[in-house]
Every structure is written in C-alpha cells, then in structure tokens.
Amino acid sequence: MKAVVWHDVGDIRLDEVPDPKILEPSDAIIRITRSAICGTDLHLVRGTMPGMVPGTIVGHEAVGVVEEVGPAVRGLTPGDRVVVTSTIGCGTCSYCRAGYYAQCDTANPHGPGAGTSFFGGPETTGPVDGLQAEYARIPFAMTTLVPVPDGMSDDDAILVSDIFPTAWFGARLAEVGTGDSVLVLGAGAVGQFAIASAKRQGAGRVFVVDGIASRLNLARGQNAETIDFNAEDPIALVKELTGGIGVDRVIDAVGVDAQRPARGPASGQGKDLESEQELAAPESAPDGDLWVPGEAPSLAARWAVEAVAKAGTIGVIGVYPPGFDRFPFGAAMNKNLTVHMGNCNHRRYMPKLLQLVASGGVDPKPFITQHEKPASAIDAYKTFDRREEGWLKTVLDVG
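The opening position of the sequence shown corresponds to residue 8 in the numbering used here, with each subsequent residue numbered one higher.
Have a look at this one:
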C-alpha cells in the first residue's frame with residue numbers, strides 16, 4: 008500500500024509499504040477513506056518532537072471502514088464505518104476506566120510509566136504506525152474505534168478524530184465556565200475549534216491571537232474578537248479590552264513552534280527566546296524556508312501567563328516536547344494561576360462530539376481548507392509548513 012513515511016528530520020516520503028496485519032486478538036484492520044495532516048505531524052518533520060524511528064508511517068487522524076477484526080473484537084463488523092481516536096487506550100486499565108485514555112497503562116509497549124501512545128509518533132510512544140496510509144492496524148479496536156453516526160459524511164467525521172476533541176479538552180483544562188472571558192492563542196485548526204468549544208462551554212467573550220489574516224478572518228466568522236500580533240501588541244490589547252484585568256481563562260493552542268511578531272508594536276517580543284530553538288529542536292534540519300522550528304518556543308506560554316487575570320486558569324494543548332523546560336513559573340505562581348496541560352483523552356469526548364456534529368450543533372467543514380490526494384501529500388506538508396495564507400486544515404481523500 009501507499010503511505011507517508013518518516014525517514015529523517017526534514018525527510019518524509021510517499022512510499023510503497025507492506026499491508027498491515029492483525030498482530031493481537033484485540034486488533035482490527037481498517038481501510039482508510041479520509042486522513043489529515045496535523046500540526047503535530049509538522050513537529051515530527053521539523054524536529055521539535057524528537058525520537059522518531061525511520062520507517063514509521065505518520066498521521067494520527069482517520070476515518071475508515073473495518074476490513075478485518077481479531078477474535079477478541081466483538082462489537083465491530085467488517086463494513087462498519089469508524090473514526091479512529093488519535094491516542095490509544097486499552098479501555099480496561101484504571102486510567103482508561105477513569106477517562107484518562109492518554110495515560111493508559113497498557114497501550115504503550117514501554118510500560119505504564121511511558122505515557123501517551125498515539126499513532127505515528129516517536130519511539131517513546133510505541134511506535135505505532137500511523138494513519139496517512141491506505142490501510143491501518145488499530146490496536147485495542149473496541150476502544151480506539153468509534154462508529155460514525157448514520158448519515159454523517161467523512162468530512163464531518165474526520166476532524167472529530169483529533170482536532171475537535173483536543174480543542175474541547177483544552178477548554179475543559181482551562182476550566183471555561185458561564186460568562187468567562189477566554190483568550191485562545193493560535194487560530195489554526197485546533198484554535199478554531201477551541202473558539203467553538205469555549206463558546207459551547209459557556210464563555211461570554213472569546214479573544215484569539217494569531218498573525219495570519221485568513222485564520223483571523225475565519226475566527227471572526229465565529230464572532231471571536233481577533234488580535235493580529237503583527238499589527239497590535241496582544242497583551243496590551245487584551246488588558247485594554249478587559250478593563251486592565253486580563254482574561255479569566257487562556258487556551259494555549261500554539262506550543263513550542265511559536266513565531267514571534269515580525270512587525271508592529273510587539274515586534275521585539277520573543278527575540279530573547281531565539282536561543283531556545285536549540286533546546287526545542289536540537290536535531291532540526293531546515294531546508295531553506297522549509298521545516299524551520301518556531302523562533303520563540305516559550306512565547307505562547309509567556310503570553311498566556313501575562314494575559315490571564317490573577318487567579319485565572321490556563322489550559323495547554325499546544326505541543327511541548329519532553330526535553331523542553333522553559334516556563335515562567337515565578338510569574339504564574341505570583342498571580343495564583345492554575346495551569347492544566349496534557350495530551351487529549353480522545354475516547355472520552357468523541358462520542359459526544361460526533362453526536363454534536365451529527366445534530367448540526369457544530370459544522371466542521373468550514374475548517375477544512377484543502378482536499379488533496381495522497382500523491383500530493385508531501386507538497387501539502389510543505390505548503391502547510393510555510394504557514395501560507397489560506398492553509399488551515401488539509402484532508403487527504405484516500406478512498
């Protein structure tokens with residue numbers, strides 16, 4: 008089959024690879040009909056998530072059709088349409104039973120202390136071959152696959168594989184409640200869904216910071232109050248718009264690949280953080296303007312601490328790799344802030360969010376800006392990596 012395969016930092020290819028096979032009784036094989044390219048995938052290529060094993064198929068978002076099931080899989084039948092949860096959980100350990108699927112004691116072959124296992128990730132996560140392929144092996148299928156509601160299209164379902172649950176989780180981490188003012192850092196696909204999630208969890212006002220006009224325009228379509236960090240000082244403006252207090256909650260949907268403002272009144276901010284690039288991506292291998300890690304890795308975290316009101320809450324869903332240890336703890340402590348972070352427990356939220364989409368409560372399709380065939384996947388990666396205008400979320404039409 009064809010699959011997008013990681014060979015090295017800055018080197019991914021569309022390769023011919025062996026078809027997957029059932030390896031455990033709880034496995035299933037699915038034929039993928041939709042996959043997608045995520046910002047996390049860019050971390051792997053930029054080198055800001057180290058430890059990838061050459062030959063690993065990348066990708067952690069997919070919709071597909073069950074082709075084959077192992078003998079322990081009782082509730083799924085070949086022909087069923089399913090969404091794949093990006094993080095893998097066994098469904099029976101104490102963490103899964105408590106809803107912390109991303110910290111499953113069983114899914115990660117490195118043992119209970121190893122942390123999250125997800126599709127297409129570094130060696131520390133498994134590795135488990137990913138979903139930018141024609142077929143995939145799905146471990147713990149009864150937990151990792153969720154049936155697609157009748158009548159729902161692949162385009163409606165694909166963003167519930169990772170992006171929507173991650174954003175919903177971010178709003179939960181930030182403890183968004185009725186009437187809260189919320190700042191979303193980053194207006195990419197996760198940031199767009201964070202706006203939608205915050206509003207549906209009760210937010211009174213939602214602000215969003217980004218530097219790309221097309222993303223801010225899409226956020227404005229959700230009635231978010233937009234701030235262009237290349238034209239305005241985001242912290243000063245947030246304070247001004249909140250009576251000098253700051254927002255109640257912040258959702259960091261940027262993470263370690265933060266870009267510092269290129270111009271405008273905030274242009275000097277983050278310049279002192281460029282030395283963090285070596286810590287964030289020690290093996291980075293830029294190719295001209297391709298695969299360049301963020302210039303100011305801790306800038307989003309610092310903006311979050313500065314923008315939130317005293318005794319406020321920050322939810323971090325942007326990716327920070329294990330070796331990255333820069334965070335303004337002193338400033339956060341002296342404001343009595345609460346900071347929650349982590350990898351999304353996808354299985355906990357997906358059934359509810361699929362029903363929300365099926366009922367018309369949220370329409371994910373406007374956030375899909377590109378449809379590509381797998382043959383164009385590498386070019387799509389490159390365009391997405393350059394942060395070009397108009398590129399928000401690319402879906403791969405596999406089937």
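Ideal placement from N, C-alpha and C gives every residue a C-beta, glycine not left out.
Does residue 42 come out as helix, strand or coil in the three-state DSSP assignment?
Residue numbering aside, residue 42 sits at position 35 when the sequence shown is read from its first letter. Residue state, collapsed to three classes: strand.
Mapping DSSP to helix, strand and coil, what is residue 336?
To locate residue 336, count along the sequence shown from 1; it is residue 329. Three-state result, residue 336: helix.
Provide the residue(s) that pair with residue 377 in DSSP beta bridges, ordered along the chain.
For the purposes of this step, residue 377 is taken as residue 370 along the sequence shown, with counting starting at 1. Partner(s): 401.
Whole angstroms is fine: what's the gap from residue 286's alpha carbon to residue 109's?
The count along the sequence shown starts at 1 and reaches residue 286 at position 279. The count along the sequence shown starts at 1 and reaches residue 109 at position 102. So the two alpha carbons sit approximately 25 Å from each other.
Of the residues 244, 260 and 261, which one's Cα is nearest the Cα of residue 253?
Translated into the one-based positions of the sequence shown, residue 253 becomes position 246. Closest option to residue 253, Cα to Cα, is 244.
To the nearest angstrom, how far is the alpha carbon of residue 311 from that of residue 257?
For this step, residue 311 is matched to residue 304 along the sequence shown. For this step, residue 257 is matched to residue 250 along the sequence shown. Cα to Cα, residue 311 sits roughly 6 Å from residue 257.
Once the 5 residues before and after residue 34 are set aside, which same chain residues still bring their CB inside 7 Å of it?
Here residue 34 corresponds to residue number 27 of the sequence shown, with the count starting at 1. Hits under 7 Å: 77, 144, 145, 146 and 148.
Assess, as a yes-or-no matter, whether the region 155 to 166 is touched by the region 175 to 184 under the definition of 3 or more beta carbon pairs within less than 8 Å.
Touching, no.
Which runs of the beta strand (DSSP E), 3 residues or longer, sit entirely within the region 66 to 109?
If we require 3 residues or more, the beta strand (DSSP E) runs fully inside the region 66 to 109 come out as 69 to 76 and 88 to 91.
DSSP three-state call for residue 4: helix, strand or coil?
The requested residue 4 does not occur in the structure, where the chain is confined to residues 8 to 406.
From the DSSP output, read off the bridge partner residues of residue 188.
For the purposes of this step, residue 188 is taken as residue 181 along the sequence shown, with counting starting at 1. DSSP, once it has assigned bridges, lists 212 as partnering residue 188.
Is residue 392 buried or exposed, if buried means 16 or more other CB atoms sit within 10 Å of its CB?
For this step, residue 392 is matched to residue 385 along the sequence shown. Buried, because 16 or more other Cβ atoms sit within 10 Å of the Cβ of residue 392.
When burial is assigned at 16 or more other CB atoms within 10 Å of the CB, is residue 30 buried or exposed?
Position 23 of the sequence shown holds residue 30. Label assigned to residue 30: exposed.
Mind checking which residues open and close the alpha helix (DSSP H) that includes residue 165?
Reading the sequence shown from its first residue, position 158 is the one you call residue 165. Per DSSP, residue 165 belongs to the alpha helix (DSSP H) from 161 to 165.
In or out: residue 224 buried (at least 16 other Cβ within 10 Å) or exposed?
On the sequence shown, position 217 is the one that residue 224 refers to. Under this definition residue 224 is an exposed residue.
Report the option in 106, 53, 156 and 50 whose CA atom is closest to the CA atom of residue 363.
Residue numbering aside, residue 363 sits at position 356 when the sequence shown is read from its first letter. The shortest Cα separation from residue 363 among 106, 53, 156 and 50 belongs to 156.
Would residue 300 be called buried (16 or more neighbouring beta carbons within 10 Å of its own) or exposed?
The residue given as residue 300 occupies position 293 in the sequence shown. Buried, by the Cβ-count rule.
Could you tell me the distance, in whole angstroms, from the CA atom of residue 64 to the CA atom of residue 22?
The residue given as residue 64 occupies position 57 in the sequence shown. The residue given as residue 22 occupies position 15 in the sequence shown. Approximately 9 Å between the Cα atoms of the pair.
Between which two residues does the alpha helix (DSSP H) containing residue 14 stretch?
Here the question's residue 14 lines up with position 7 in the sequence shown. No alpha helix (DSSP H) contains residue 14, which is instead part of the beta strand (DSSP E) from 9 to 15.
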